[in-house]
Each structure stands twice: as C-alpha cells, then as structure tokens.
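Residue numbers (the working numbering), protein chains in the order written: chain F, 146 to 243; chain H, 14 to 405.
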Amino acid sequence: MIRVIIPAHLRTLAHVEGEVKLEILGPVTQRSVLDALEARYPVLRGTIRDQVTRERRPFLRFFACEEDLSHESPDSPLPEAIATGQEPFLIIGAIAGG
Amino acid sequence: MSEVRVLVGTRKGAFILTADGNRQQWNISGPHFTGWEIYHLKGSPADPDRIYASQSSSWSGQVIQRSGDGGKTWETPGGGITTTPQGFPMGESNKFVYDASPETGKPLTTHQFYDGTQRPWEFKRVWHLEPSLSDPNTVYAGVEDAALFRSTDDAHSEHELAGLRGHGTGPKWQPGAGGMCLHTILLDRSNPGRIYVAISAAGAFRSDDAGKSWRPINRGLKSQYIPDPTAEVGHCVHRIAMHPSRPNVLFMQKHWDVMRSDDSGDSWTEVSGNLPTDFGFVIDVHAHEPETIYVIPIKSDSEHFPLEGKLRVYRSRTGGNEWEALTNGLPQRDCYVNVLRDAMAVDSLDKCGIYFGTTGGQVYASADAGDSWAPIVRDLPPVLSVEVQTLP
Numbered sequence: 146m147i148r149v150i151i152p153a154h155l156r157t158l159a160h161v162e163g164e165v166k167l168e169i170l171g172p173v174t175q176r177s178v179l180d181a182l183e184a185r186y187p188v189l190r191g192t193i194r195d196q197v198t199r200e201r202r203p204f205l206r207f208f209a210c211e212e213d214l215s216h217e218s219p220d221s222p223l224p225e226a227i228a229t230g231q232e233p234f235l236i237i238g239a240i241a242g243g
Numbered sequence: 014m015s016e017v018r019v020l021v022g023t024r025k026g027a028f029i030l031t032a033d034g035n036r037q038q039w040n041i042s043g044p045h046f047t048g049w050e051i052y053h054l055k056g057s058p059a060d061p062d063r064i065y066a067s068q069s070s071s072w073s074g075q076v077i078q079r080s081g082d083g084g085k086t087w088e089t090p091g092g093g094i095t096t097t098p099q100g101f102p103m104g105e106s107n108k109f110v111y112d113a114s115p116e117t118g119k120p121l122t123t124h125q126f127y128d129g130t131q132r133p134w135e136f137k138r139v140w141h142l143e144p145s146l147s148d149p150n151t152v153y154a155g156v157e158d159a160a161l162f163r164s165t166d167d168a169h170s171e172h173e174l175a176g177l178r179g180h181g182t183g184p185k186w187q188p189g190a191g192g193m194c195l196h197t198i199l200l201d202r203s204n205p206g207r208i209y210v211a212i213s214a215a216g217a218f219r220s221d222d223a224g225k226s227w228r229p230i231n232r233g234l235k236s237q238y239i240p241d242p243t244a245e246v247g248h249c250v251h252r253i254a255m256h257p258s259r260p261n262v263l264f265m266q267k268h269w270d271v272m273r274s275d276d277s278g279d280s281w282t283e284v285s286g287n288l289p290t291d292f293g294f295v296i297d298v299h300a301h302e303p304e305t306i307y308v309i310p311i312k313s314d315s316e317h318f319p320l321e322g323k324l325r326v327y328r329s330r331t332g333g334n335e336w337e338a339l340t341n342g343l344p345q346r347d348c349y350v351n352v353l354r355d356a357m358a359v360d361s362l363d364k365c366g367i368y369f370g371t372t373g374g375q376v377y378a379s380a381d382a383g384d385s386w387a388p389i390v391r392d393l394p395p396v397l398s399v400e401v402q403t404l405p
C-alpha cells in the first residue's frame, strides 16, 4: 500500500481527508503513483501534472524520505520505504505568494 | 417578489450574495472553493440554477466547477470516480487543449511575446465563462493564452473554436500586462450565429457563423503604445458591453479611451467626452435604457486606482461623451482600490441595479441605477468578477 499526502487545497477538491492509500501493481515510480492517484480521483487530473505534457506543475514538488525527488525521472523507482508504505510520498505546494 | 443573486469571484474563493427585489438585506454565502482564485462564475440564462465557475491557481492549474442548484452545491464535471471497463478514468473536464489539427487548427503554434519574439501558445487559465443563451449544457470559455473554447456537454469536455486564432492575425497578438487573455464574450440573442470577443492585447473580433470564422473589428481604435497606433490588431481592449435589444451597438472600455460602435464593431468612435480620465477596465449598459452606460475611471495605466482617491462611477445617459459622476455612498477620500474588467454587472429589475467589486474586497450595489450606493460586503478578498442574476 502506497501512502500519498497531497496539499490541503487538493484534498478539499478531491474530498479527501488525511493520507491517500493506493494499490500499485508493478514498479512504484512517480508516474505509477500519480497515474493511480488520478485514476482514483479524476478531479486531480491537471492539478499536479499538466493535462497534455504530463509534466509536474512548476509550483508543486515531490518529496520522499526527506529527499526532493522533483527533478528525478518520473520512471525511476521510488525508495523502498515508499514502496512498502513505511514512508509517505509527499506532494507539496511551493511556499510563495500571499 | 423577484430575487437577485450576485456571483462574486475573488482571489481566494467565490461568494454568492442574495437579496429580495428591494436589495437592502443581503445574505452572504461562501467562501466556496476556499483558497482558489475564482476568475469568473456565471449562471445560464436558460437555467439560472446552472452556474459555471472557473477555479484556478498557479499551483494546481484550472478546474471547472458546475452547480445545478444555484450555487448551494458544486461538482467538477467529469471529475467523479468514473472509469471505463478497463479501469481507466473517463471524462475530459478541465482539459483545455489548443486545436492543432490539420483540418481546423492549421497548427497555429506561436504568438508575439512582450519582446517581439514568437512564443508558443500555452494554456494558463479560464478568464471568462459565458453560458449559451438558450442551451444550459453549452458554455463558452475565454482563456489565457487567448483562445475561445466551447463545451456542449455541460462542461465535461472543451473544444477550441480554432478559427479565431487561425484567421490570420494570431501571430501578431501579444500579452497585455495581465497576460494574453480572452476576457469578453458577447452573444447576440437576435442572431445566434454572432459572437463578439475581446482579447488583451489583440483587440475585438466578431464571428457571424457561430465561431467558425472570425475577423478583427478594431477600425477606429487608436493606441499610442503600439508601433502603428491604428493597426488592425494589437489594441488592449479591456471590456465590451452590449444591450440585448440593440446588439449592433457596442460600448468599449479600452486601455485608454471609451469607444462606441453603431455598426457591430465595423467602426468605432471615441466617446470619452468629459470623463476625468478615460483609462479604466469596466463598462456596462443599463438594463432598460440602451443609451445609459457606466464606467469607473481609473487614474492611469501605471496608477490603478481612482483619480484623487475618490471612487466615482460615471454614467452617461447619451451613449457617451456627456458623463456625470455618481458619488452618493461611495468613498470620496483616501480610496485606492481598482475595479477589474469583469467586476461590474447590472440586474434587470424595474429599477435597474448596478453592482461592482473592488480589489479592496468591497462589493457595492445601487438599487436606483447609480444614484446612490451602499456596500453589500466590505471585506472580501480582492474581487475579480461580479455577475448578477435576476430571478423570478
């Protein structure tokens, strides 16, 4: 079971409270996690990745195990602790603006 | 007794203000979509309880919301948990993809940037939603970078009317200071094929075949800030207004200048007249008097606040040129707010109501066509848009 934490305003949009738990079949990567997240909550499509390019939106970042994985390949395996559910995959909004 | 519903989009959510026909006691609902920018929300003339809202943020992009009960509850069309038999998500909501097909899009991929270079078109947000006059399932969306989209399935899927970008002048369009946005969409009740749009900073455009083909309608506009002040495109039009009973007469608040056209935009003449400054963003027309128009003069393009710190609506009963200041109930000292282009609207009660919202978070209302004003609410986030529904 993969644990994902999304920003508060996206939790509101998706009517989610707390962590999202996802089943992933196959390799656990940024892409497979986000695909599963969007499949579960279609309203999130376009809010984390661009609808067309599928690239990470510029003001969001991906963290796991105290590391910034935002610039890693979306197909690189995520850390084992994420794959086992020991640690959550964090989607965080950049701190900016008023 | 009739009811009035005022739809307010702000930097941090939407608010719905309701009152009976006296327009004295207001109920305030919201914020809806807390924390998100609500550039615009508007109800369907064909089904007033159907309201569409543009919800966006720099962090998380564009979401379209829809209500079927007058704004009490909302849903994201296509955003629910619906899947194909194979388990893939269905629905295309929130997906605004420029048409690059050879048949209709003629891949038009660049426009002019601030520095004169060509830049790819890149979707940023929906500025304005215009529901069809007759079909509650059809809604037009004006977007940044400038293009016009239409949904005919209740905002589940959006398709570009690519003839606008593709008619020929698209590569010459450039962003205004607020971005290259299509912010005005006017539909003609007497001629279903006719659509007007306005783009900053490209100008005004008209279609006479329901959005298939377009042409610029900017003759008579003069803009000193562009190399050719009378160019076919490049003008920073801030807003266009039309009275439904006289759809061939248009009123325009341009970056500078208030303009008028009596021939569906084929030609324009300046009607700024005795305005203290003819810079501004909003313009609107009285619901029952097609020659009575309203603007809110703003000091200048670099000083986006009222002249002398006095918030004044100006009314012309002569279709322009002769203007009177309306100040009763509006702050006449130390007022340095702005009123953005989509933030003025009128109701259609017998005594026409006028409404506008400010970047200081006030929404002002006049129940007597502008003679006197009072704030409905004073402390909202900066107001981006105001629309009004007159309900039976």
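Even glycine gets a Cβ: it sits at the ideal position worked out from N, Cα and C.
Interface criterion not met: the Cβ of residue 231 (chain F) is under 7 Å from no Cβ in chain H.
Residue 163 (chain F) carries a coil assignment under DSSP once its states are collapsed to helix, strand and coil. Where residue 17 (chain H) is concerned, the enclosing beta strand (DSSP E) starts and stops at 16 to 23.
Close CB contacts of residue 360 (chain H) within its chain, under the 6 Å cut and outside five residues either way in sequence, are with 17, 366, 401 and 403 (chain order). Chain-order list of chain F residues neighbouring residue 108 (chain H): 191 and 196, by C-beta distance under 7 Å. Judged by DSSP in its simplified three-state form, residue 178 (chain F) adopts helix.
Identification of residues in the stretch 197 to 208 of chain F having a C-beta nearer than 7 Å to some C-beta of chain H yields 197, 202, 204 and 205, given in sequence order. With a threshold of 7 Å between beta carbons, residue 188 (chain F) makes contact with chain H.
Residue 272 (chain H) is bridged by DSSP to H:265 and H:283. Under DSSP, residue 197 (chain F) shares a beta bridge with no residue. With fewer than 16 other Cβ atoms inside 10 Å of its own Cβ, residue 197 (chain F) counts as exposed. DSSP, reduced to helix, strand and coil, places residue 251 (chain H) within a strand of the structure shown. The DSSP-derived three-state label of residue 238 (chain F) is strand.
The DSSP-derived three-state label of residue 338 (chain H) is strand.
With the criterion set as a beta carbon lying under 9 Å from some beta carbon of chain F, the members of the stretch 66 to 84 of chain H are 68, 70, 71, 72, 73, 74, 75 and 76, in sequence order. When the five nearest sequence neighbours on each side are left out, the beta carbons in the same chain lying within less than 7 Å of the beta carbon of residue 230 (chain H) are those of 217, 218, 219, 278 and 279, in order along the chain. In the three-state reduction of the DSSP assignment, residue 404 (chain H) falls in the strand class. Listed by position along chain F, the residues whose Cβ is nearer than 7 Å to that of residue 92 (chain H) are 187 and 188.
Look at residue 302 (chain H) here: in three-state DSSP terms it is coil, with no helix or strand label.
A residue is called buried when at least 16 other Cβ atoms come within 10 angstroms of its Cβ; residue 266 (chain H) meets this threshold and is buried. Residue environment for residue 293 (chain H): buried (at least 16 other C-beta atoms within 10 angstroms of its C-beta). Counting the other Cβ atoms within 10 Å of the Cβ of residue 178 (chain H) gives 16 or more, which makes it buried. Not a single C-beta of chain F is nearer than 7 Å to the C-beta of residue 282 (chain H).
Contacts between residue 238 (chain F) and chain H, judged by CB atoms closer than 9 Å, involve 70, 72 and 73 in chain order.
Counting of Cβ neighbours within 10 angstroms places residue 84 (chain H) among the buried residues, the total reaching 16 or more. In the three-state DSSP reduction, residue 188 (chain F) falls in the helix class (H, G or I). The Cβ atoms of residue 347 (chain H) and residue 374 (chain H) do not sit closer than 7 Å to each other.
The stretch 314 to 330 of chain H makes no contact with the stretch 196 to 204 of chain H; the number of CB pairs closer than 8 Å stays below 3. Rounded to whole angstroms, the gap between the alpha carbons of residue 221 (chain F) and residue 33 (chain H) is 59 Å. In this structure, the alpha-carbon of residue 227 (chain H) lies about 30 Å from that of residue 334 (chain H). Taking a Cβ-Cβ cut-off of 9 Å, the neighbours of residue 47 (chain H) in chain F comprise 154 and 157, given in sequence order. For residue 89 (chain H), a Cβ of chain F is located within less than 7 Å of the residue's own Cβ.
Selection H:288, H:41, H:82 and H:309 evaluated against residue 297 (chain H) yields H:309 as nearest (Cα-Cα). Using a C-beta cut-off of 8 Å, the stretch 30 to 47 of chain H makes no contact with the stretch 206 to 225 of chain F, since fewer than three inter-stretch Cβ pairs fall below that distance.
Residue pairing by DSSP places residue 205 (chain H) in no beta bridge whatsoever.
Rounded to whole angstroms, the gap between the alpha carbons of residue 176 (chain F) and residue 31 (chain H) is 45 Å.
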